[in-house]
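K.L.:
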Amino acid sequence: MSRLDELLVEDLLEKRIRESIDFISKAHDKIDGQLKPKFIDCNAKAGTITLEFPVMDWQLNTNNVMHGGMIATVFDEALGIFAHYFSEGKAALTSNITVHYLKPVPKGDSLLITAKIISAGRKVITLSGEGHLKSNGIMTNSAIASFVIAG
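Residues -16 to 134 in the numbering used here are what the sequence shown spells out, letter by letter.
1) Taking Cβ to Cβ, would you say ALA27 is nearer than 8 Å to LEU85?
2) So what does DSSP say about GLU(-3), is it helix, strand or coil?
3) Quick check: VAL107 and SER129, are their CB atoms within less than 8 Å of each other?
4) Give me the Cα-Cα distance between GLY63 and ALA75, rounded to the nearest whole angstrom.
5) CB-CB under 7 Å to GLN42, same chain, minus the five flanking residues each way: which ones, in chain order?
6) Could you tell me how far apart the beta carbons of LYS117 and ASN47 are, in whole angstroms, since I believe they sit closer than 8 Å?
7) Between ASP5, GLY30, THR123, ASP24, which has its C-alpha nearest LEU18's C-alpha?
8) Among the residues of its own chain, which have a CB less than 6 Å from the CB of GLY114, if the five just before and after it don't count?
9) Going by the beta-carbon positions, is the gap between ALA61 and GLY112 smaller than 8 Å?
10) Does the beta-carbon of ALA29 have 16 or more other beta-carbons within 10 angstroms, so that it is buried, or is it exposed?
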């Protein structure tokens, strides 16, 4: 049995992801809490989680769409929450992230980000992600990121 198979247990996955979201959501004075992530789904067999991030006025650029830096931030948050699950309680620090911008993310919608585990070693975790509009399912962004396990 691989390390991924050992860690990807449906009930445990959902429980820990929800705990992570609850923890960061209480940090109202930090960017993590201000993003207001919401658990939508997880699938241990597929190695995925889906989180919702509402598009809020303070995240908009002058074109009234979500600022590109904010899109990168919510991807970092979603993939980071999943990376933390695989780091088994240790800090998972972003070492790199690449975001592809395909379509604008409009005001008043939500971005659904599905994170997928690619590999989880003892020191480096790599994940990919796709962003879709909640309103119509259109894919707006994709990303890939690596996280280093501290300690």
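We put the beta carbon where it would ideally sit given N, CA and C, even for glycine.
Computed from a predicted structure; not experimentally measured.
P.N.:
Inspection of the coordinates gives the following:
1) In the sequence shown, the residue the question calls residue 27 occupies position 44. In the sequence shown, the residue the question calls residue 85 occupies position 102. No.
2) Position 14 of the sequence shown, counting from 1, holds the residue named residue -3. DSSP places GLU(-3) in helix when its eight states are reduced to three.
3) For the purposes of this step, residue 107 is taken as residue 124 along the sequence shown, with counting starting at 1. For the purposes of this step, residue 129 is taken as residue 146 along the sequence shown, with counting starting at 1. Closer than 8 Å, so yes.
4) Start at 1 with the first residue of the sequence shown, and residue 63 comes out as number 80. Start at 1 with the first residue of the sequence shown, and residue 75 comes out as number 92. Looking at the two C-alpha atoms, the distance is approximately 7 Å.
5) Within the sequence shown, the letter at position 59 stands for residue 42. Counting only Cβ-Cβ distances below 7 Å, and skipping sequence neighbours, we find MET49, HIS50, MET53.
6) Here the question's residue 117 lines up with position 134 in the sequence shown. Here the question's residue 47 lines up with position 64 in the sequence shown. Not really, about 17 Å apart at Cβ, beyond 8 Å.
7) In the sequence shown, the residue the question calls residue 18 occupies position 35. For LEU18, the nearest C-alpha among the options comes from ASP5.
8) As a first step, residue 114 is located in the sequence shown; it is residue number 131 there, counting from the start. Around GLY114, the same chain offers LEU94, ILE96, THR123, ASN124 as residues with beta carbons nearer than 6 Å, after the five sequence neighbours per side are excluded.
9) As a position in the sequence shown, residue 61 is number 78, starting the count at 1. As a position in the sequence shown, residue 112 is number 129, starting the count at 1. Yes.
10) For this step, residue 29 is matched to residue 46 along the sequence shown. Exposed, since its Cβ has fewer than 16 Cβ neighbours within 10 Å.
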